[in-house]
Amino acid sequence: MVDLMIHEVVPRVLYNFVSDLGGEIAAAERKRWCVASFFFSWQSQVRRTPSLILGCEQLLLSKPACLPSLSSPHQRAYVSHGEVLQFNLLMMFLGGIGRDGFISIDCGNPNSSYWDTVTQVPYVSDDRFIDVGSDFDIQSSYINSSVPTQELNLRSFPDGVRNCYTLKPVPQNSTYLVRATFMYRNYDGKNSQIQFDLHIGVNHWKTMNISDPSAIYTAEALTLATANSTSVCLVNTGRGTPFMSSLELRPLKNGLYAEYVNASQSVVLVTRRNMGATKSLRFPDDPYDRVWNPYNGPSWLTLSTNSTVDNRDDLYEPPVAVMQTAVTPKRVRQLRFFWDSVSPGDELYAVLYFAELRNLTGKATRMFNVTRNGESRFSWYTPPYLSVGYIYSVVPFEGYYRYRYVLHATSNSTPPIINAFEVYSLMQLTQAATDSRDGKATLSFTFE
């Protein structure tokens, strides 16, 4: 049935949907090109040329104001002539595999698709692709305008020890970001504290401890695809029913994080901070949809620029918008910041990002030394002007619950600055490929 819908229904739905937009999309030639390209790719090599399909999605996304709203219980619909039905059928296949290979799943969503209002990334329900688990809405007393659409509902897994989502297509031998979010919000009326494990394939990813019903919990990892799919599994450890609110996969450019991610190890996000920012930043400011959370201190000054900060050919490519802000101490010559680890035994990697945002003239210089928990990590560092510089861990470090960094200005230097930092914990892989036994609860996005 699915194969029939892919090969017969979706082309017709796309044609009807784009045609119905008619006068709303002024570029008629673009509309005809999109439909023609879609049919060409479908009839020739659709399974091997998803980029043409995504090109059509890009056209539909390029002018959101002309598109109908979607039939979601959390959105108002302004549609007619069956556009919702046509669009939902289309998004069922194109929405899950979004721009640049993004896969965005709203777990427990009652069979609808939509664009996220913040990122304009399309999300798709898992309802049509999974036959185990139960859909729930969060408790109404927790719903307000700040709650993201994908956190308004969830899928729980009361049965079975191990239930898995299988995501594909994933480009083999490529690095990608996988992120899962969890918002309990007392959906079951039990006010429970829940603990369960997450696995990527057969490898332990993270233990989720859900203790605050109002909080959004997140697990994020960077890993290498050694097959054309990856499985994310929820494992019941006997301390409450596992659940998930959303699941996202974001391909990364080849070479990014190559120091830390390979066939034998992945890394799990501990924290990612944007110094001097006033709000979180993600896609479209970050093309890889990494979430950069603000970090500010009462003894810091914020520096900023509207000039472009060059991040081309960087090992990590922090977004330009992140590198356009930095912090510096107000009245002293040292800048201190810290983060906490889950366990002193965690093996950690850190990347500190720097860019000079002021055109220092004359004899003015900015040079500083870097220490971590009192140990020297780098000496005589000078940030490059309007370009990304970084100090990163070559080997993992461990031993503390709290890691304290201090940037010490050298003599006759202006105070130190920092723009951003990331911290990851090491995830050793016992088996790289997806376990063929994972499949009791399988969600699959594929054109194969």
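Those letters in the sequence shown? Residues 1 to 448, per full-length UniProt numbering, in order. Cβ atoms here follow ideal geometry from the backbone N, Cα and C, with glycine treated the same way.
Would you grab the beta carbon distance between residue i and residue j for me? Rounded to a whole angstrom, and I think it's under 8 Å.
i, j, result
"residue 423", "residue 326", "Residue 423 to residue 326, Cβ: 18 Å. No contact."
"residue 319", "residue 281", "7 Å"
"residue 130", "residue 181", "Rounded, the Cβ-Cβ distance is 17 Å, inconsistent with contact."
"residue 198", "residue 219", "5 Å"
Just the C-alpha distance for residue i and residue j, rounded to the nearest angstrom, thanks.
i, j, result
"residue 261", "residue 214", "33 Å"
"residue 230", "residue 417", "39 Å"
"residue 183", "residue 136", "11 Å"
"residue 278", "residue 285", "14 Å"
"residue 192", "residue 209", "11 Å"
"residue 298", "residue 276", "11 Å"
"residue 155", "residue 162", "14 Å"
"residue 451", "residue 132", "The structure shown does not extend to residue 451, since the chain spans only 1 to 448, so no value can be given for it."
"residue 44", "residue 168", "Reliability of the predicted coordinates at residue 44 is poor, the pLDDT of 34 falling under 50, and the value obtained from them is presented with this limitation in mind. The straight-line gap from Cα to Cα measures roughly 21 Å."
"residue 332", "residue 388", "25 Å"
"residue 396", "residue 328", "27 Å"
"residue 127", "residue 170", "21 Å"
"residue 227", "residue 251", "14 Å"
"residue 345", "residue 195", "20 Å"
"residue 415", "residue 340", "25 Å"
"residue 273", "residue 323", "11 Å"
"residue 149", "residue 114", "9 Å"
"residue 330", "residue 301", "6 Å"
"residue 313", "residue 259", "15 Å"
"residue 140", "residue 343", "35 Å"
"residue 118", "residue 283", "9 Å"
"residue 428", "residue 172", "19 Å"
"residue 236", "residue 116", "30 Å"
"residue 207", "residue 305", "40 Å"
Using beta-carbon positions only, say whether residue i and residue j come within less than 8 Å of one another.
i, j, result
"residue 270", "residue 425", "yes"
"residue 123", "residue 232", "no"
"residue 450", "residue 112", "Any answer about residue 450 is impossible in this case: the structure gives the chain only from 1 up to 448."
"residue 373", "residue 390", "no"
"residue 419", "residue 354", "yes"
"residue 234", "residue 307", "no"
"residue 222", "residue 267", "yes"
"residue 225", "residue 264", "no"
"residue 303", "residue 358", "yes"
Going by CA-CA distance only, name the one from the options that's closest to residue i.
i, options, result
"residue 189", "307, 391, 241", "241"
"residue 363", "413, 254, 138, 252", "413"
"residue 147", "220, 245, 159", "245"
"residue 153", "138, 191, 167", "138"
"residue 256", "236, 168, 208, 287", "287"
"residue 384", "280, 142, 311, 294", "311"
"residue 430", "274, 341, 205", "205"
"residue 243", "300, 106, 172, 228", "106"
"residue 382", "409, 397, 398, 396", "409"
"residue 411", "378, 160, 377, 369", "369"
"residue 290", "253, 159, 328", "253"
"residue 238", "305, 158, 342", "158"
"residue 375", "220, 398, 421", "398"
"residue 120", "102, 379, 110, 108", "102"
"residue 334", "236, 405, 186", "405"
"residue 356", "347, 342, 309", "309"
"residue 142", "421, 236, 211, 186", "186"
"residue 453", "403, 371, 321", "The first residue shown for the chain is 1 and the last is 448, placing residue 453 beyond what the model contains."
"residue 134", "160, 179, 212, 207", "160"
"residue 336", "361, 100, 407", "407"
"residue 247", "293, 321, 421, 200", "200"
"residue 176", "292, 365, 100", "100"
Any chance the CB of residue i is under 7 Å from a heavy atom of the ligand SAH?
i, result
"residue 371", "The model depicted lacks the ligand SAH and carries no ligand whatsoever."
Practice task
With a floor of 4 residues, list each alpha helix (DSSP H) that falls wholly inside the stretch 243 to 319, ordered by position along the chain.
Solution key: Segments of the alpha helix (DSSP H) lying fully in the stretch 243 to 319: there are none.
Handout entry: Runs of beta strand (DSSP E) lying entirely within the stretch 326 to 368, each at least 3 residues, in chain order
Key = Listed in chain order, they are 334 to 340, 348 to 354.
Exercise for the section: Give, in chain order, every unbroken run of the beta strand (DSSP E) that is at least 3 residues long and sits entirely within the stretch 183 to 220. Expected result: Listed in chain order, the complete beta strand (DSSP E) runs (minimum 3 residues) inside the stretch 183 to 220 are 194 to 200, 203 to 210.
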